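Asker:
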Amino acid sequence: MDAVSDPAILSTLSVGLDTVWVLFAAFLVFFMNLGFAMVETGLCRSKNAVNILTKNFIVFAIASLSFWALGWGLMFGNGNPFVGLTNLFFANGGVDEGFDAISWTAVPFWAKFIFQLVFAGTAATIVSGAVAERIKFPAFIVFASLLVALVYPVSGHWIWGGGWLQTLGFWDFAGSTVVHSVGGWAALAGVLVLGPRTGKYRADGTINPILGHNMSLVTLGGLVLWFGWFGFNPGSTMAVGDGSAIAHIVVTTNTAAAAAILSSTITAWITLGKPDLSMIVNGALAGLVAITAGCAFVDVGSSALIGLVAGVLVVVAVPFFDRRRMDDPVGALSVHLANGIWGTLAVGLFAKDGITGSATGNGLFFGGGFQLLLNQAIGVVAVAAFVFGLSLAIWLALKAIMGIRVSREEELGGLDRGEHGAEAYAGFQIID
Amino acid sequence: MDAVSDPAILSTLSVGLDTVWVLFAAFLVFFMNLGFAMVETGLCRSKNAVNILTKNFIVFAIASLSFWALGWGLMFGNGNPFVGLTNLFFANGGVDEGFDAISWTAVPFWAKFIFQLVFAGTAATIVSGAVAERIKFPAFIVFASLLVALVYPVSGHWIWGGGWLQTLGFWDFAGSTVVHSVGGWAALAGVLVLGPRTGKYRADGTINPILGHNMSLVTLGGLVLWFGWFGFNPGSTMAVGDGSAIAHIVVTTNTAAAAAILSSTITAWITLGKPDLSMIVNGALAGLVAITAGCAFVDVGSSALIGLVAGVLVVVAVPFFDRRRMDDPVGALSVHLANGIWGTLAVGLFAKDGITGSATGNGLFFGGGFQLLLNQAIGVVAVAAFVFGLSLAIWLALKAIMGIRVSREEELGGLDRGEHGAEAYAGFQIID
Amino acid sequence: MDAVSDPAILSTLSVGLDTVWVLFAAFLVFFMNLGFAMVETGLCRSKNAVNILTKNFIVFAIASLSFWALGWGLMFGNGNPFVGLTNLFFANGGVDEGFDAISWTAVPFWAKFIFQLVFAGTAATIVSGAVAERIKFPAFIVFASLLVALVYPVSGHWIWGGGWLQTLGFWDFAGSTVVHSVGGWAALAGVLVLGPRTGKYRADGTINPILGHNMSLVTLGGLVLWFGWFGFNPGSTMAVGDGSAIAHIVVTTNTAAAAAILSSTITAWITLGKPDLSMIVNGALAGLVAITAGCAFVDVGSSALIGLVAGVLVVVAVPFFDRRRMDDPVGALSVHLANGIWGTLAVGLFAKDGITGSATGNGLFFGGGFQLLLNQAIGVVAVAAFVFGLSLAIWLALKAIMGIRVSREEELGGLDRGEHGAEAYAGFQIID
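Chains as they are written, first to last, in the numbering used here: chain A, 6 to 437; chain B, 6 to 437; chain C, 6 to 437.
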């Protein structure tokens with residue numbers, strides 16, 4: 006080996022290692038589709054299981070095609086502070102220029118693409134759970150396509166694509182806002198336009214709890230999501246370096262989840278009288294959502310605090326939404342919206358210089374003053390206004406054009422029969 | 006560090022990285038055993054669930070021992086154009102010579118072995134689904150042993166072990182033919198010798214659909230298989246390089262799956278009147294099987310076309326086999342055989358110079374003429390003749406020697422009771 | 006690039022690669038929580054499913070907080086031959102000194118921490134299955150906390166933390182003793198203090214088999230555990246090197262599992278008259294537990310022998326414990342305790358110089374004499390005395406302080422209703 010070739014070999018090794026890491030992380034995030042599918046299906050009724058499974062199976066295909074066709078270019082293309090405009094239609098792997106905002110990672114174009122695609126897919130999946138058990142199958146497909154092709158990429162451009170919030174100094178390492186709040190706001194708009202499930206509220210306005218049909222699937226899904234988050238957060242480094250940043254992020258991520266499980270268990274035990282499994286699983290997810298923005302910027306102790314708050318917040322948020330007739334069968338609003346906001350603001354409280362090499366100023370509790378917290382709040386409000394507003398418009402348009410809610414008869418008989426002519430558990434005796 | 010040691014350190018780093026990648030991919034492919042187990046079990050009836058689960062759990066153990074005992078040497082050993090003959094019995098990790106056809110990857114012997122083993126195991130698993138709900142448990146075990154020890158390695162030697170098809174210029178990057186069609190032909194022979202399940206055809210010859218008992222498991226399995234394919238296809242590079250090849254393959258693989266989901270959904274909606282979940286899951290698998298041969302040779306646009314065709318093909322193939330009294334409870338023939346052939350031929354249509362560093366000529370649509378397509382067709386026919394013929398002989402011999410089909414009484418009562426003295430869902434009320 | 010910077014770049018690449026490998030392995034081991042959850046839930050009755058799922062979901066959170074708060078320092082801190090004493094409370098990532106016993110791996114502090122944490126969590130999960138269907142939920146949580154904070158780290162310090170057994174020459178590569186036997190002894194103490202489930206033994210003392218409610222979940226869990234073991238054993242290298250050690254370990258691990266499946270299937274077929282699925286799944290786990298200690302020290306042929314014995318042992322052990330009124334609903338004692346011991350002793354029989362770079366003497370069958378076997382036996386006995394003794398004391402104390410067993414009424418009605426006010430499968434008709 007001559008001295009001249011060394012740098013080239015080293016560079017190949019380095020980018021090869023980064024690519025393996027990014028792809029590995031992308032696969033884990035892809036696998037979260039299974040987690041969402043099982044949590045959502047398990048928390049709903051067996052008469053709607055095929056419908057929910059189908060939505061969750063198809064949604065990543067829709068996301069893949071939509072993000073390829075348009076979303077990628079809008080989000081990461083060079084353009085203006087509000088939208089990307091490079092290589093806009095059907096992202097072409099041969100064109101790896103014009104994406105300055107993501108040129109900090111050396112991995113090949115298609116590695117960047119797939120990693121960002123699985124994030125976009127997650128936002129779409131979040132919507133799926135909140136609108137379950139009464140949405141028309143075709144309406145969901147169209148909404149998911151538009152969310153990934155148009156809505157998600159624009160707010161994503163603001164924060165990760167070189168847009169105005171990134172310039173302002175808004176921090177969201179792995180997407181508490183970019184992914185989870187965006188999914189949550191889109192879901193909230195859907196929930197409002199759809200209205201609650203038939204039977205969720207009694208004639209006197211009190212809440213009639215609707216039980217999920219399979220807690221084994223819910224638990225399975227919860228553990229798969231936790232597993233997948235080890236790709237979601239540490240993978241967002243998109244580079245390995247000396248490994249210290251990704252190892253740090255793994256531990257903040259896990260600690261937040263553990264702390265949130267503890268606090269959600271205790272909160273549920275106190276407020277509901279029993280350690281409720283669905284609350285505990287949602288507690289874990291709440292902790293994971295909340296640490297997503299700050300996982301690289303906070304220390305392990307702070308991650309525990311962020312998780313503790315998240316676990317309480319999710320248990321409180323479920324009845325909050327329920328009482329306002331925002332009927333969300335799986336708790337997606339409490340997990341992804343409420344804790345997406347909390348996690349984003351928490352960066353403004355707990356960010357600390359010198360964590361994983363970031364050197365961009367401290368949060369409030371580490372002597373940073375209010376500026377960062379203010380930036381975070383501006384981002385939360387701006388994304389809320391844009392995503393909720395545009396999603397509401399899309400849902401209303403779909404309602405007018407194609408209808409978004411199944412008939413009362415179909416809802417009572419189950420969407421499996423109505424939308425799919427199928428049943429999930431042929432041969433089992435099921436009580437209606 | 007002195008200059009002399011650098012090359013050694015670089016070489017260790019490089020082979021270390023390649024090994025991590027190959028092992029990671031191997032684990033994902035191993036995990037596909039779970040996907041197959043869940044898809045197959047879910048698509049069959051609850052009275053046969055324990056039997057199917059047991060077959061799927063045990064089949065990789067059988068494959069592991071058979072491939073170690075004989076298959077590896079037959080497939081990858083130096084020998085003649087038809088069969089390998091090196092280090093033939095109980096592959097010895099200390100002997101890493103005599104395997105010229107796989108010396109292009111620098112990873113250690115046992116990394117090559119495990120990666121190739123998980124592929125061999127996949128072929129055996131494919132058979133499992135097609136013969137479900139009426140095959141004797143011991144007969145399946147013996148067939149699977151022989152498939153992995155003898156049948157699979159010989160046709161594999163032709164294509165990946167330095168044999169005559171490889172010399173001819175037959176391209177199958179990750180195994181549309183080597184793995185999927187081989188499994189499919191072996192399954193078809195079994196289906197023909199076994200005959201259809203009791204009750205599948207009415208006295209007047211019309212088809213009586215038999216519903217699967219758990220669509221949650223089917224969906225779970227489908228997502229696990231999709232996840233596993235991110236090892237199957239990109240892992241077949243068996244080296245990382247600068248990451249661009251593996252990233253490209255990840256995206257062609259995923260895009261084919263997404264496109265196939267879209268086209269299978271639409272085709273099922275048109276032909277069956279509803280978006281049928283089992284067709285959609287099989288659509289995804291069809292797209293994945295079809296892109297397996299060409300994932301490294303075609304561009305992303307072509308991968309979408311290959312997937313679109315695959316999704317239509319699988320929905321058309323299911324009733325095609327059904328009408329010919331080839332009773333395949335899970336659609337394995339439509340997924341693995343039909344699309345294994347399609348994917349192999351598609352290389353002859355869509356291969357394109359300069360993709361992922363391959364430089365071996367173009368397919369028909371990129372100015373390559375008919376030669377490559379002809380080579381692909383020759384391979385398809387040769388593998389069909391060999392694998393179907395030998396499998397048929399084995400099935401017939403097993404039928405004569407030990408019997409391969411359970412009694413009518415056992416079939417009606419369920420194989421769980423008959424073969425295993427067990428039930429899958431003790432305590433649940435199940436309708437017969 | 007100038008010559009001076011090369012060593013630093015190489016070092017960063019090397020530690021980066023090792024970190025990716027260690028984290029990847031850690032995630033796989035984390036994922037084993039899902040495997041344990043599904044195996045345990047499936048092997049128990051549906052009326053206790055929510056309880057078992059909740060225990061398995063929460064146990065890793067408990068382990069995460071306990072190991073962070075105290076366990077890590079006790080296990081890996083520098084101290085004396087019996088216990089570690091460095092950085093004792095709330096492990097601080099900024100302090101990466103004082104952990105000499107684990108300084109052989111260059112990965113960052115938090116990578117070491119998470120990898121060791123997932124092992125600690127495994128020990129706690131093992132207990133969960135053995136005490137299922139009658140333990141009070143709060144009692145399990147407290148026991149699991151103390152196990153991970155106090156018991157596991159101390160015996161772990163002896164073997165992996167620089168303690169007296171490590172000095173003596175006791176070999177346990179990935180934890181047949183450190184993790185599996187420790188979990189097994191703690192479980193045995195719990196089983197003895199709790200007593201058998203109501204209804205397990207008839208008035209005349211004969212055994213009344215209690216069937217699990219979902220063999221699909223059991224099989225799913227078994228395959229997830231097998232998958233996870235590819236992190237557990239090869240990951241314990243905590244470094245990649247030239248890949249040959251990790252590739253070797255992957256193959257010994259898999260071969261032991263395959264051989265154990267074969268022998269457990271045959272043994273169950275002979276002794277029970279049928280190929281029993283739960284025995285086959287436990288057979289696989291038995292092989293995996295048994296190869297865990299020696300996976301890096303034995304050749305592939307020996308791994309097959311170790312697995313063959315394990316598969317027989319587990320089938321024999323289940324009725325052994327049953328007849329002694331040690332009621333273990335999932336076979337955890339047979340899998341983890343019996344085969345943890347067997348695997349540890351097997352190192353003394355089959356260890357062989359020159360395997361994966363280890364050069365520490367041979368086992369009995371490779372000319373090593375009795376010394377190593379004796380060391381292994383001393384370790385087995387010492388760990389048994391310490392862990393069983395201390396666990397027994399903790400269980401008895403918990404019994405006195407808070408009670409550990411639910412009431413007979415609650416047990417008969419199911420812990421789901423009693424402990425959680427919930428049901429796992431709402432809407433399904435379940436026979437009592």
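Think of the CB as a built atom: it goes at the ideal place given N, C-alpha and C, for glycine as much as any other residue.
None of these values were measured; they are calculated from a predicted model.
#1: Taking 8 Å as the CB-CB cut-off, is B/K205 touching chain A?
#2: Under 8 Å between beta-carbons, which chain A residues line up against C/G98? List them in chain order, please.
#3: For the candidate residues B/V256, B/A191 and B/L222, whose alpha-carbon lies nearest to that of B/V156?
#4: Hey, does A/N83 have any beta-carbon neighbour from chain B nearer than 8 Å?
#5: Need the endpoints of the alpha helix (DSSP H) that C/A68 sits in, please.
#6: If you draw a straight line from the C-alpha of C/A390 to the C-alpha of C/L230, how long is it?
#7: Less than 8 Å between the CB atoms is what I'm expecting for B/V294 and B/G348, so what's the real figure, rounded?
#8: With a threshold of 16 other CB atoms inside 10 Å of the CB of B/T203, please say whether the residue is buried or exposed.
#9: Output, in sequence order along the chain, the residues in the stretch 208 to 223 of chain B whose CB is closer than 7 Å to any CB in chain F.
#10: Of all the CB atoms in chain B, is at least one closer than 8 Å to the CB of A/D247?
#11: Enumerate in chain order the residues of its own chain whose CB-to-CB distance from A/F95 is below 7 Å, with the five nearest sequence positions on each side excluded.
#12: Name the chain B residues that come within less than 9 Å of C/S396, Cβ to Cβ?
#13: List the residues of chain B that A/S69 touches, going by C-beta distances under 7 Å, in chain order.
#14: Are three or more beta carbon pairs between the stretch 279 to 297 of chain C and the stretch 141 to 153 of chain C nearer than 8 Å?
#15: Contact criterion: CB-CB distance below 8 Å. Does A/A427 meet it with respect to chain C?
#16: Quick one, which of B/F148, B/E428, B/I266 and B/N219 has its alpha-carbon nearest B/C49's?
#17: For chain A, is any of its Cβ atoms less than 8 Å away from the one on C/V153?
#18: Listed in chain order, which residues of the stretch 7 to 29 of chain C have Cβ atoms closer than 8 Å to some Cβ of chain B?
#19: Scan the stretch 209 to 250 of chain B and note each continuous beta strand (DSSP E) run of 3 residues or more that stays entirely inside, going in chain order.
#20: Grouping DSSP H, G and I as helix and E and B as strand, with all else coil, what is C/V196?
#21: So, A/R410 versus A/I140, is the Cβ gap smaller than 8 Å?
#22: Inspect the CB distances between the stretch 36 to 53 of chain A and the stretch 219 to 228 of chain B and report whether three or more fall short of 8 Å.
#23: So C/T270 contacts chain B; which residues on that side make the cut at Cβ distance below 8 Å?
#24: Leaving aside the five residues before and after C/W26 along the sequence, list all residues of the same chain whose C-beta is less than 6 Å from its C-beta, in chain order.
#25: Can you name the start and end residues of the alpha helix (DSSP H) that A/M37 belongs to?
#26: Applying the criterion that 16 or more other CB atoms from any shown protein chain within 10 Å of the CB defines a buried residue, is B/S412 buried or exposed?
#27: Is the distance from the Cβ of C/A179 to the Cβ of C/N259 below 8 Å?
#28: Go through its chain and collect everything with a Cβ distance to A/N56's Cβ below 7 Å, but skip five positions before and after it.
#29: Secondary structure at A/I140, three-state DSSP: helix, strand or coil?
#30: Along chain A, which residues have their Cβ under 8 Å away from the Cβ of C/F36?
#31: What three-state label does DSSP hand B/N367 in the structure shown?
#32: Should C/E102 be labelled buried (16 or more other beta-carbon atoms within 10 Å of its own) or exposed?
#33: Comparing the C-beta of B/G188 with each C-beta of chain A, is any distance below 8 Å?
#34: Taking contact to mean 3 or more Cβ pairs, one atom from each stretch, closer than 8 Å, check whether the stretch 397 to 406 of chain B and the stretch 107 to 123 of chain B are in contact.
#35: What are the start and end residues of the alpha helix (DSSP H) that includes C/D332?
#36: Please list the terminal residues of the continuous alpha helix (DSSP H) segment that includes A/F114.
Answerer: Considering the structure as presented:
#1: no
#2: H253, V256, D304 and V305
#3: B/A191
#4: no
#5: Following the DSSP letters along the chain, one finds C/A68 inside the alpha helix (DSSP H) bounded by residues A54 to S71.
#6: 28 Å
#7: Indeed, because the Cβ distance is near 6 Å, the residues count as touching under 8 Å.
#8: exposed
#9: No chain F appears in this structure, whose protein chains are A, B and C.
#10: no
#11: W73 and A74
#12: Ordered by position in chain B, no residue passes the 9 Å Cβ test against C/S396, which lies about 31 Å from the chain.
#13: N259, T260 and A263
#14: no
#15: no
#16: Closest by alpha carbon: B/N219.
#17: For C/V153, the answer is no, since every Cβ of chain A falls outside 8 Å of its Cβ.
#18: A8, D11, P12, L15, L18, S19, L22, V25, W26 and F29
#19: Taken in chain order, the stretch 209 to 250 of chain B contains no complete beta strand (DSSP E) segment of 3 residues or longer.
#20: helix
#21: It is a contact, given that the beta carbons lie within the stated cut-off.
#22: yes
#23: The answer, in chain order, is I63.
#24: V245
#25: D11 to L48
#26: exposed
#27: Contact: no.
#28: F142, L420, D421, E424 and H425.
#29: Strand at A/I140.
#30: L228 and F232
#31: Here B/N367 sits in coil by DSSP.
#32: exposed
#33: no
#34: no
#35: Note, C/D332: premise wrong, no alpha helix (DSSP H); not H, not E.
#36: F114 to A135
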